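What follows is a short report on a single structure.
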Amino acid sequence: MWNQEFNRYTLLSSLWVFVMINFFARGLHELGRPGMIEQIMSGEVNGVVVTEGLMLFAGVTFEIPILMVVLSLVVRRGLNRCLTFFAVPATIVMIVMENLNPDLDNIFFMTMQIGALLVAFRVAWKWNEAA
């Protein structure tokens, strides 16, 4: 089923791109929800007041998967594995925390993202010196 000759650096980066595209798709999909644009304009979304601190925190945590797209391609195997072992759980926590009261489409996007992240973790886990 898997192409064993596939470059692991490219595979990891591709998985991170997949996760990022799903973030954007989910965000665009949320804009179609009735009342969402009004909530965003009011500064309170789903009962959460959107502050500068919250926006900074979200930006910093969102930067983890963005960085992993590039770092997965350029850092060596050992550091790549360590970064993946940190970034995957951190990103899963971020995904779950932003979906505390998910609807069906959020569950779908969350499932796709977490599935890809678990594959990335497995690729890094099984990535030995000879590969």
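For the sequence shown, numbering that gives the first Met the number 0 begins at 0 and goes up steadily by one.
Beta carbons: idealized from backbone N, C-alpha and C, even for Gly.
Here the structure is a predicted model, which means the values were calculated and not measured.
Here Phe56 is exposed: its Cβ has fewer than 16 other Cβ atoms, across all protein chains shown, within 10 Å. A direct Cα-Cα distance of roughly 29 angstroms separates Leu117 from Arg32.
Taking each of Ile36, Arg25, Ser71 in turn and checking the Cα distance to Trp15, the smallest one comes out for Ser71.
The DSSP-derived three-state label of Val49 is coil. The alpha-carbon separation between Leu82 and Thr9 amounts to approximately 15 angstroms. Close CB contacts of Phe120 within its chain, under the 6 angstroms cut and outside five residues either way in sequence, are with Val87 (chain order). Put simply, the stretch 32-44 does not touch the stretch 90-99. Fewer than three CB pairs are less than 8 angstroms apart.
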